[in-house]
Amino acid sequence: MPVNAAYRRSLEECAEKITNECGFKPSLQPRVEWYLEDSISLDDEISDWFTLADYSSFTHIHNAFIKHINNAEAFLTDETIAQLHIQKLLSNMNDNDESIVMCVAYISFGLFAFVEGKDDHLKYIKRNNMLLAEHLPEILKKFIEIADCCKDSSTNLNCYSKSLLYLSSVIYLITLQCIVFRCNKEQQHIVDKVIGNFDDAGILSYLTKYIEAWRWNSRLSMRIRNIIMLLSKIILLQFGDIRTYKKTKKDLYKYHGLRKIENRKNKWTISPLQYEAFTSDIVTRYPSCKLPTTNLPKEFDKSNSLSQFLEIPRPKSKNAINITLNVPEQHIATPAPSPPSSPQLLHFNETSKGRKSFQTNLLYPCLYPSDNEEDIDELDRRLHSELTPKQTSESKIPFSIEEAATILAENLQIKLTTKQLWHERDLFMATERGWEEDNLTDPYDYSSLTGTANESLKRMIRVDNFYKECFTSLNSLVFVLLQTIELNLTNQFTSNAEDVDENTLLPQLELTKAKESSLKSSVELLFMLMKWFKLSHILKFEQLGVILYDSQFINICSAVLGKYSDIYGDRIFNRIITSNKSFWSECSKYNFEYKNSFRYVHQVQKAVNLDFLPSLAYLLRILQKVVGNKTQRIKELPQSIGTIVKKYYHIFNLDIYHPLLKIIKELTPFKNKRWKSEHMELISGVFLYEKLELIDNWVAGKDITGELSDAYGQEIALRALLQFYNFEHYQVAMEDLGYQKKNNSIAS
Numbered sequence: 001m002p003v004n005a006a007y008r009r010s011l012e013e014c015a016e017k018i019t020n021e022c023g024f025k026p027s028l029q030p031r032v033e034w035y036l037e038d039s040i041s042l043d044d045e046i047s048d049w050f051t052l053a054d055y056s057s058f059t060h061i062h063n064a065f066i067k068h069i070n071n072a073e074a075f076l077t078d079e080t081i082a083q084l085h086i087q088k089l090l091s092n093m094n095d096n097d098e099s100i101v102m103c104v105a106y107i108s109f110g111l112f113a114f115v116e117g118k119d120d121h122l123k124y125i126k127r128n129n130m131l132l133a134e135h136l137p138e139i140l141k142k143f144i145e146i147a148d149c150c151k152d153s154s155t156n157l158n159c160y161s162k163s164l165l166y167l168s169s170v171i172y173l174i175t176l177q178c179i180v181f182r183c184n185k186e187q188q189h190i191v192d193k194v195i196g197n198f199d200d201a202g203i204l205s206y207l208t209k210y211i212e213a214w215r216w217n218s219r220l221s222m223r224i225r226n227i228i229m230l231l232s233k234i235i236l237l238q239f240g241d242i243r244t245y246k247k248t249k250k251d252l253y254k255y256h257g258l259r260k261i262e263n264r265k266n267k268w269t270i271s272p273l274q275y276e277a278f279t280s281d282i283v284t285r286y287p288s289c290k291l292p293t294t295n296l297p298k299e300f301d302k303s304n305s306l307s308q309f310l311e312i313p314r315p316k317s318k319n320a321i322n323i324t325l326n327v328p329e330q331h332i333a334t335p336a337p338s339p340p341s342s343p344q345l346l347h348f349n350e351t352s353k354g355r356k357s358f359q360t361n362l363l364y365p366c367l368y369p370s371d372n373e374e375d376i377d378e379l380d381r382r383l384h385s386e387l388t389p390k391q392t393s394e395s396k397i398p399f400s401i402e403e404a405a406t407i408l409a410e411n412l413q414i415k416l417t418t419k420q421l422w423h424e425r426d427l428f429m430a431t432e433r434g435w436e437e438d439n440l441t442d443p444y445d446y447s448s449l450t451g452t453a454n455e456s457l458k459r460m461i462r463v464d465n466f467y468k469e470c471f472t473s474l475n476s477l478v479f480v481l482l483q484t485i486e487l488n489l490t491n492q493f494t495s496n497a498e499d500v501d502e503n504t505l506l507p508q509l510e511l512t513k514a515k516e517s518s519l520k521s522s523v524e525l526l527f528m529l530m531k532w533f534k535l536s537h538i539l540k541f542e543q544l545g546v547i548l549y550d551s552q553f554i555n556i557c558s559a560v561l562g563k564y565s566d567i568y569g570d571r572i573f574n575r576i577i578t579s580n581k582s583f584w585s586e587c588s589k590y591n592f593e594y595k596n597s598f599r600y601v602h603q604v605q606k607a608v609n610l611d612f613l614p615s616l617a618y619l620l621r622i623l624q625k626v627v628g629n630k631t632q633r634i635k636e637l638p639q640s641i642g643t644i645v646k647k648y649y650h651i652f653n654l655d656i657y658h659p660l661l662k663i664i665k666e667l668t669p670f671k672n673k674r675w676k677s678e679h680m681e682l683i684s685g686v687f688l689y690e691k692l693e694l695i696d697n698w699v700a701g702k703d704i705t706g707e708l709s710d711a712y713g714q715e716i717a718l719r720a721l722l723q724f725y726n727f728e729h730y731q732v733a734m735e736d737l738g739y740q741k742k743n744n745s746i747a748s
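When the count follows full-length UniProt numbering, it moves up by one through the sequence shown with no breaks and lands on 748 for the last residue.
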């Protein structure tokens, strides 16, 4: 037939077309090879420090160097001569001669007019700043003096502001060098000396209070952007990077006699709260069951204590849904009950009954069925071993239950944070009941260990001192940092596809770059504080989390994530116009050979731009830490958070995925079936990329009604415990905030 022939020809044409093509090409998910590390790159960090306006002062500092150093060649080649010149300059720094400060800054910047290439420039930056590090106390003294003038003085602010830029730049570069050389044994003594100098000068508390002063009396001369970046890097140096953090955590577990689980990625564990819920279900079904011995504290009545809302186990036996379901038979062959009898025929005058839902009653553990009724198979022997005279087949504990209890008990993980929380909760309950305080030493108070030689304990003392000295300023610090984060909501972006002259966009591009560098420093600072506070004491971490929550961090963070979600792919794959100005390109203009070599090396544009990824990773991690296990805060996440997260999920990177999927894991139980079906890709990602637990029933097994009803009580109980902890350990700081200890005695 002609129709069939035409149809056959069309099929042959389609087949030929498919054959001639290269073949099937599946749509692969784009991926970025990037890892979140707190190790720094001098190339990027120095360029982020300066703005377009700062580069105009480079000529002046070069002239100041020529004024004070007659033989620049000898300064470059002979380190001894360089040391003598630096010592002479710093001894005269107390004189009101701005050119001395400018000359010191030029030395710190690497003498860029006398070098012939970027590698040569980096070499002199490293050498000169390690020489300047020997005289850090004098530099810090002058820096604090100038910073106070920028904060309090009403005259000559322009001169003070420039001097503040020069001195803060010198301290910033010294700090960067010490971070880089922290693992270098040859430079270790200088790094330790710099850390000691920062401690002696109290620079961390000074910078924090300086930021607090800016909140109430903001001035351009105070250069708050540079101060935030400086504080971020000094905290990284003083507290330590990720390797130092892991070593400190391991040492603390050993110090407190706790078992640190090695290779946690391949080890499935269970928390004490989950274990308590499991044992409650087992005892409900089998009251005579003897559970394995664990290191959990003895349970006692706390129903009258506010602290009962801090950790609430959710056994299935108390779930309202399970209470209404039927009791399953003991030897059921499947998790679902036996099907009902054949349905009765409905008469025409009868209405159909409502649909029934046959669900497993999770109150009762699922038992292994027996495939032999004569009790001769091995499995049945294990399930029904010899009974004692007082036991019957109904009261015998099934083997599966005993085995499950043993497995969970062996993999019970008690973290250091859990022990700290239990300790403070016991003290809180004793105070509630009017018991006398025991004068016992707090095992988690490191402030009394001032004479220790243990480096990890010294680091904990440093963290504790920062918390104590800056406790009253934490709220202002968070307020200012969130302001710098929120400023990025006004950023404007231009695609490479648009026909636009980049020179006309340069002011806008530089402004965006400055705001994004402030964003990176702010979120990095907040993340480091949360991480080290949690290692020091869980309630320090919770205190900062409460401040962030009260300061509307959830809304601000969600808004910034939503702002960047639309351009995430374009930003990563360099389809957005960015500024090509950098510290290195500006310095190369002062030397002809340097300029030519720099132009030759940097003329090829990179295919991937990773500048925003650290900020994104820190934002997601902080958000996850703020809302984690806090139902009241999870409720405050915007409705669009799932859509925003899906846009970041389209580019594969595990360091972005981990905090993102943890948020989804917290959020999913509270969403309906439609939301879960729309975000099934993210839910699947949790099982693919996140660490699993022995009990993973988060998708549909949570007691949502109980979680929501106790959410507000949990938040109140946490704040009450925080107030108790801070008043007991940091009473002076609490009194500065207006709290005081009341005398319970009634005057006659």
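For each residue, glycine too, the CB sits at the ideal point set by N, CA and C.
Counting only runs that start and end inside the segment 99 to 152, the alpha helix (DSSP H) elements of at least 4 residues fall at 118 to 133, 136 to 152.
Leaving aside the five residues that flank I644 on each side, the residues in its chain whose CB is nearer than 6 Å to its CB run, in chain order, L561, G562, S565. Cα atoms of P313 and D703: separation of roughly 10 Å, rounded to the nearest angstrom. Fully enclosed alpha helix (DSSP H) runs of no fewer than 4 residues occupy 474 to 486 of the segment 471 to 498, in order along the chain. When the alpha-carbon of E79 is set against those of D95, I107, T59, the nearest one is in I107. Residue pairing from DSSP places L412 in a beta bridge opposite I270. Check the Cα spacing between I195 and each of L89, E455, S280: the tightest is with E455.
With the rule of 3 Cβ pairs closer than 8 Å, the segment 610 to 625 counts as touching the segment 656 to 666. With contacts defined as CB atoms closer than 8 Å, L89 and P614 fail to qualify as a contacting pair.
F50 sits in coil when the DSSP states are folded into three classes, being neither helix nor strand. Excluding sequence positions up to five before and after K458, its CB lies within less than 7 Å of the CB of T452, all in the same chain and listed in chain order. For the set D192, I716, Q188, T705, the Cα lying nearest the Cα of S305 is the one of I716.
Around the beta carbon of L207, 16 or more other beta carbons lie within 10 angstroms, which makes this residue buried. In this structure, L525 lies near L231, with their beta-carbon atoms less than 8 Å apart.
The segment 113 to 128 makes no contact with the segment 154 to 167: fewer than 3 CB pairs, one atom from each, lie closer than 8 Å. A buried status is given to R223, since no fewer than 16 other beta-carbon atoms sit within 10 Å of its beta-carbon. Around the CB of Y210, 16 or more other CB atoms lie within 10 Å, so the residue is classed as buried.
In the DSSP secondary-structure assignment, R459 is not bridged to any residue. Using a 10 angstroms sphere on the CB of F592, the tally of other CB atoms stays under 16, which defines it as exposed. The beta carbon of K647 lies closer than 8 Å to those of S565, D566, Y568 in the same chain, with the five residues before and after it left out. If the five residues before and after I538 are omitted, its C-beta is found closer than 7 Å to the C-beta atoms of T417, Q420, L421, all from its own chain and listed in chain order. As the crow flies, the alpha-carbon of Y590 is around 9 Å from that of F58. Looking at T578, G202, E403, the one whose alpha-carbon comes closest to that of C289 is E403. Of the other Cβ atoms in all chains shown, fewer than 16 fall within 10 Å of the Cβ of H650; this residue is therefore exposed. Of K531, Q492, V500, the smallest CA-CA separation from T512 is found for Q492. Taking all protein chains shown into account, R425 has 16 or more neighbouring C-beta atoms within 10 Å of its C-beta and is therefore buried.
Between the alpha carbons of I61 and D97 lies a gap of roughly 13 Å. For the 8 Å CB-CB criterion, I203 and A133 do not form a contact.
Secondary structure of F583 (DSSP, three-state): helix. Nearest neighbour of S521 by Cα position, chosen from E12, W49, W34, S271, turns out to be W49.
A straight-line Cα-Cα distance of about 5 Å links I485 and L519.
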